[in-house]
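In what follows, a structure is listed as structure tokens, so that the remarks can point back to it.
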Amino acid sequence: MPGPVLEAGTDPVLSFEGVEVTYPARLGVGPFTAARDISFEVRPGEVLGLVGESGSGKTTLGRVAAGLIPVAQGRVVLSGTDLAEASRSRVRELRRDLAFVHQDPAASLDPRFTVADSIREPLDVHGVGDRRARNARVRELLEAVRLTPDLAERLPHQLSGGQRQRVALARALALAPKLLIADEPTSALDVSVQAEVLDLFERLQEELGFASIFISHDLAVVHRIAQRVVVLRAGEIVETGPVERVFADPRADYTRDLVAAVPEPKPAARPRRKRLVS
Ligand SMILES: Nc1ncnc2c1ncn2[C@@H]1O[C@H](COP(=O)(O)OP(=O)(O)OP(=O)(O)O)[C@@H](O)[C@H]1O
Ligand SMILES: [Mg+2]
479 MPGPVLEAGT DPVLSFEGVE VTYPARLGVG PFTAARDISF EVRPGEVLGL
529 VGESGSGKTT LGRVAAGLIP VAQGRVVLSG TDLAEASRSR VRELRRDLAF
579 VHQDPAASLD PRFTVADSIR EPLDVHGVGD RRARNARVRE LLEAVRLTPD
629 LAERLPHQLS GGQRQRVALA RALALAPKLL IADEPTSALD VSVQAEVLDL
679 FERLQEELGF ASIFISHDLA VVHRIAQRVV VLRAGEIVET GPVERVFADP
729 RADYTRDLVA AVPEPKPAAR PRRKRLVS
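Given below as structure tokens:
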């Protein structure tokens with residue numbers, strides 16, 4: 479049974495409360511705590527940036543948010559439901575509202591699936607509509623990510639990196655998720671293609687209004703895409719706040735260094751588009 483419909487801007491889509499993540503010991507390497515005392519929330523329609531250097535725990539938190547790895551302590555609450563306490567069927571239902579885009583587009587796509595098959599698969603798995611409706615939805619999604627219909631029958635290796643990431647995005651959006659977790663979705667791409675994919679992400683987010691955790695080591699990218707930011711270092715939050723404030727007036731030394739490392743022109747000088755979400 480679907481829960482009550484929430485007003486936009488009310489309850490968070492996702493909240494982390496004092497989350498700790500420990501990877502179990504393996505092959506003689508002891509257990510490793512990759513995240514400690516992590517608390518933040520993502521509101522409906524909001525893009526939350528997750529930044530920090532390599533190894534700071536960004537992907538770990540993204541995977542926890544997607545329910546892919548368990549927490550050692552604390553709670554992860556998705557649309558009002560604690561993931562650890564939910565029944566399997568409820569978790570399955572909640573998963574439908576979540577999508578994940580990987581850094582490496584190849585990792586999101588099965589090399590044996592055509593573009594159309596990859597985009598249609600989540601619709602098939604969840605039995606959305608009949609075959610005809612699903613195919614129509616695939617065409618709509620291709621158009622949404624600005625891919626021409628003639629690419630539909632290609633395999634991933636017959637596409638450019640940017641095209642592959644557009645396909646991954648179309649697939650992620652197939653079930654109209656409430657929350658899209660994007661783990662460095664443009665890092666593997668050429669600079670010019672990166673800009674195109676970021677434009678696309680921004681436009682789709684504005685049009686479709688999904689909430690997002692946008693993971694990046696690049697503060698300039700997060701400044702452009704996100705409304706709020708969580709800065710991570712060695713598995714802990716060092717700072718969090720609205721992007722404008724964090725950029726203009728970083729409180730932690732670590733954030734100050736990250737801001738200083740952003741090449742000129744400083745993103746603060748960049749005009750920002752008006753957002754629907756405050
Ligand atoms: N499966 C695992 N088992 C043990 N340790 C792991 C595992 N996955 C990640 N780690 C460790 O957890 C820490 C955080 O890794 P994570 O991948 O979350 O970092 P990240 O911020 O995404 O880094 P990057 O920017 O390089 O992608 C790292 O020290 C990493 O070595
Ligand atoms: Mg990572």
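Residue numbering for the sequence shown follows the working numbering, starting at 479 and increasing by one per position. Ideal Cβ placement from N, Cα and C applies to all residues, glycine included. Since this is a predicted model, take the numbers as computed values, not measurements.
Does the beta-carbon of residue i, which I'm using as the reference point, lie nearer than 8 Å to any heavy atom of ligand 4?
| i | result |
| --- | --- |
| L710 | Ligands displayed in this structure: ligand 1 and ligand 2; ligand 4 is not among them. |
Can you tell me which residues form a DSSP beta bridge with residue i?
| i | result |
| --- | --- |
| V555 | S493 and D560 |
| P720 | R706 |
| Y501 | F510 |
| I437 | Outside the shown range of the chain, which is 479 to 756, sits residue 437, and nothing can be said about it. |
| I547 | In the DSSP output, where bridge partners are listed per residue, I547 has none listed. |
| E714 | R711 |
| I516 | V497 |
| F591 | None; F591 has no bridge partner. |
| V699 | DSSP lists no partner for V699. |
| A577 | L658 |
In whole angstroms, what is the alpha-carbon distance linking residue i and residue j?
| i | j | result |
| --- | --- | --- |
| I691 | V623 | 19 Å |
| G719 | A698 | 15 Å |
| L736 | R612 | 44 Å |
| E618 | T626 | 11 Å |
| G552 | S493 | 11 Å |
| I516 | D602 | 36 Å |
| E498 | H604 | 32 Å |
| K536 | A544 | 12 Å |
| P490 | G530 | 23 Å |
| L676 | D582 | 15 Å |
| E621 | L651 | 12 Å |
| G600 | R649 | Rather than Gly, the amino acid found at residue 600 in this sequence is Pro. Whole-angstrom Cα-Cα distance: 7 Å. |
| Y501 | P522 | 30 Å |
| L653 | V606 | 9 Å |
| P482 | P741 | For P482, the predicted structure reports a pLDDT of 44, less than 50, and the residue's modelled location is therefore unreliable. A value from the coordinates is still provided. C-alpha separation (whole angstroms): 46 Å. |
| A712 | I693 | 15 Å |
| V554 | F725 | 28 Å |
| I703 | A730 | 21 Å |
| L576 | Y732 | 31 Å |
| D595 | R541 | 25 Å |
| D668 | L572 | 34 Å |
| G783 | A550 | Limits of the chain in this structure are 479 at one end and 756 at the other, which puts residue 783 out of reach. |
| F578 | F518 | 19 Å |
Can you tell me whether residue i is buried or exposed? The criterion is at least 16 other CB atoms within 10 Å of its CB, across all chains shown.
| i | result |
| --- | --- |
| L658 | buried |
| S532 | exposed |
| E717 | buried |
| A738 | exposed |
| L710 | buried |
| P548 | exposed |
| G558 | exposed |
| L682 | buried |
| T488 | exposed |
| E631 | exposed |
| G496 | exposed |
| L647 | buried |
| A614 | exposed |
| A660 | buried |
| A689 | buried |
| P480 | Because the pLDDT of P480 is 44, which lies under 50, any placement of that residue in the model is unreliable, and the question is left without a value. |
| L546 | exposed |
| E524 | buried |
| L526 | buried |
| R642 | buried |
| R570 | exposed |
| R598 | buried |
Kindly say whether residue i, judged by its beta-carbon, lies nearer than 9 Å to any beta-carbon of chain C.
| i | result |
| --- | --- |
| P634 | Structure shown: chain C not included; a single protein chain is present. |
- prompt: Taking contact to mean at least 3 C-beta pairs separated by less than 8 Å, is the stretch 670-679 in contact with the stretch 499-516?
  reply: Taking 8 Å as the limit for Cβ pairs, the verdict is that the stretch 499-516 does not touch the stretch 670-679.
field: Contact between the stretch 553-566 and the stretch 590-600 (3+ Cβ pairs under 8 Å)
entry: Using a Cβ-Cβ distance cut-off of 8 Å, the stretch 553-566 and the stretch 590-600 are not in contact, since fewer than three pairs of beta carbons, one from each stretch, lie closer than that value.
query: ligand 1: which residues have Cβ under 6 Å from any of its heavy atoms, chain order?
result: Qualifying residues come out as Y501, F510, A512, G530, S532, G533, S534, G535, K536, T537, T538 and H695.
message: Within 8 Å, do at least three Cβ pairs link the stretch 652-664 to the stretch 494-506?
response: No, the stretch 494-506 is not in contact with the stretch 652-664.
- prompt: Are the stretch 600-611 and the stretch 634-645 touching, with three or more C-beta to C-beta distances below 8 Å?
  reply: Because the criterion of three Cβ pairs below 8 Å is not met, the stretch 600-611 and the stretch 634-645 do not touch.
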